[in-house]
Ligand SMILES: [Zn+2]
Ligand SMILES: [Zn+2]
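In the numbering used here, the protein residues as written are 271 to 661.
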């Protein structure tokens, strides 16, 4: 009579490995190591006639592995063979094999549920909830969170009580892969992330430190936003380092600050009729040496240009914004009017594209290097427009 096959122990410890035949000489299925599932088939040669226990032939076992397991075990063949010879039962060998795989598995795969499963494990959620509620972040700072915790928004308050929203997107491999973060700041920041060591709290702390670099820049921009009539950007974010400000009707200045040294002379570009902006440009050029680094950019510009920036809102602001005299819109495909008739008595603003289309429809226009020359539709003063492809 053959001895009872030792199926119970294999089934108990490796429930995903199933016997393929009635004499239990062949098993097929999966072996799970720290959450990673590897396909495996192990076959023993037929047992001798006088002894039905197939594990007697364990040292002659043949093993077939999935590609992932084969590449993982490459180079460990001798150890496996040695364990095979030392094992008394198939189950004992499989336990040894599992131990070998555990040792080889890269560190990044040690937490199985984060890696192998599409649905994050309970550990994923409990770790995240712990980090969000911890002292470095705190639930008060969490402004939104989606149902599967894969997207979190955190409000950071800087030293001047300005609010900054940090969006964090996590994937199933968190904390082994760095979360994707976005925040409106003038530069790009790639925060440090050590897999399975860094926490969301560390990340938030790094962003808080990063915000300190721009306090002076934002002070200057806030001063411009509060005390002048800004027409561009329409809705500035904390990433925007320029403002276009109205000086008077049809005349504006675009100010672009230096991110590193925000109190230094900014890049200034005037926009308006030539007769209006030339005196301003001349004053700025002549008095640039008088720039006082201790004063705000707004004060400096007002002193040097000998003007006061007007402060208008609502309909007054719309009037000063000066819509295009051809399409009557201020914004067209995201562009504001950027050509102005040079006749000081006219000074009507146009979108480059509107003016170009108008001039190209006239038989009288001249073309020089993609620039169309013609006459202002209102006052007949000479005017030009660049091809929209170049503008
Ligand atoms: Zn237009
Ligand atoms: Zn004109």
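Yeah, the Cβ is synthetic: ideal placement off N, Cα and C, and Gly gets one too.
Where residue i falls, given that 16 or more other Cβ within 10 Å makes a residue buried
i, result
"residue 274", "The predicted model places residue 274 with a pLDDT of 43, which falls under 50 and marks its position as unreliable; any figure quoted below should be read in that light. Looking at its Cβ environment, which holds fewer than 16 other Cβ atoms inside 10 Å, residue 274 is exposed."
"residue 669", "Absent from the structure is residue 669, since the part of the chain shown begins at 271 and ends at 661."
"residue 637", "exposed"
"residue 612", "buried"
"residue 498", "buried"
"residue 482", "exposed"
"residue 295", "buried"
"residue 409", "exposed"
"residue 361", "buried"
"residue 233", "With the chain represented from 271 up to 661, any question about residue 233 goes unanswered, as that position is not in the structure."
"residue 427", "exposed"
"residue 306", "buried"
"residue 312", "buried"
"residue 285", "exposed"
"residue 395", "exposed"
"residue 434", "buried"
"residue 454", "exposed"
"residue 615", "exposed"
"residue 591", "buried"
"residue 646", "buried"
"residue 543", "buried"
"residue 338", "exposed"
"residue 438", "buried"
"residue 662", "For residue 662 there is no data in the structure shown, the boundaries of the chain being 271 and 661."
"residue 522", "buried"
First through last residue of the alpha helix (DSSP H) which encompasses residue i
i, result
"residue 314", "No alpha helix (DSSP H) contains residue 314, which DSSP labels as neither H nor E."
"residue 373", "360-374"
"residue 557", "544-557"
"residue 492", "485-497"
"residue 643", "Careful: residue 643 lies outside any alpha helix (DSSP H), inside the beta strand (DSSP E) at 641-645."
"residue 355", "347-356"
"residue 571", "567-575"
"residue 630", "622-631"
"residue 426", "First-last for residue 426: 421-427, but that is the beta strand (DSSP E), not the alpha helix (DSSP H)."
"residue 588", "584-591"
"residue 505", "Counting along the chain, residue 505 falls outside any alpha helix (DSSP H), and DSSP gives it neither H nor E."
"residue 518", "First-last for residue 518: 512-518, but that is the beta strand (DSSP E), not the alpha helix (DSSP H)."
Cβ-Cβ distance between residue i and residue j below 9 angstroms
i, j, result
"residue 629", "residue 643", "yes"
"residue 484", "residue 508", "yes"
"residue 595", "residue 620", "yes"
"residue 258", "residue 541", "There is simply no residue 258 to check, as the chain begins at 271 and stops at 661 in what is shown."
"residue 568", "residue 501", "no"
"residue 648", "residue 618", "yes"
"residue 535", "residue 558", "yes"
"residue 333", "residue 310", "yes"
"residue 623", "residue 650", "no"
"residue 406", "residue 367", "no"
"residue 371", "residue 402", "no"
"residue 487", "residue 451", "no"
Alpha carbon of residue i to alpha carbon of residue j, nearest angstrom
i, j, result
"residue 315", "residue 283", "23 angstroms"
"residue 352", "residue 466", "34 angstroms"
"residue 419", "residue 398", "8 angstroms"
"residue 631", "residue 475", "59 angstroms"
"residue 381", "residue 393", "With a pLDDT of only 45 at residue 381, under 50, the local geometry of the prediction cannot be trusted, and no value is derived from it."
"residue 547", "residue 520", "10 angstroms"
"residue 287", "residue 300", "6 angstroms"
"residue 441", "residue 574", "53 angstroms"
"residue 556", "residue 570", "14 angstroms"
"residue 414", "residue 422", "6 angstroms"
"residue 566", "residue 456", "19 angstroms"
"residue 587", "residue 518", "11 angstroms"
"residue 658", "residue 601", "15 angstroms"
"residue 697", "residue 350", "The requested residue 697 does not occur in the structure, where the chain is confined to residues 271 to 661."
"residue 292", "residue 281", "14 angstroms"
"residue 424", "residue 503", "25 angstroms"
"residue 654", "residue 627", "11 angstroms"
"residue 525", "residue 605", "17 angstroms"
"residue 429", "residue 336", "56 angstroms"
"residue 289", "residue 297", "4 angstroms"
"residue 479", "residue 537", "27 angstroms"
"residue 331", "residue 374", "22 angstroms"
"residue 365", "residue 359", "10 angstroms"
"residue 463", "residue 492", "33 angstroms"
"residue 530", "residue 347", "58 angstroms"
Residue interval of the beta strand (DSSP E) (run including residue i)
i, result
"residue 538", "537-541"
"residue 434", "433-439"
"residue 652", "652-656"
"residue 296", "296-303"
"residue 474", "Unbroken run through residue 474 is the alpha helix (DSSP H), 470-481; no beta strand (DSSP E)."
"residue 413", "412-415"
"residue 292", "From DSSP, residue 292 is part of no beta strand (DSSP E); its letter is neither H nor E."
"residue 340", "Looking at the DSSP string, residue 340 is not in any beta strand (DSSP E); the run it does join, the alpha helix (DSSP H), is 337-343."
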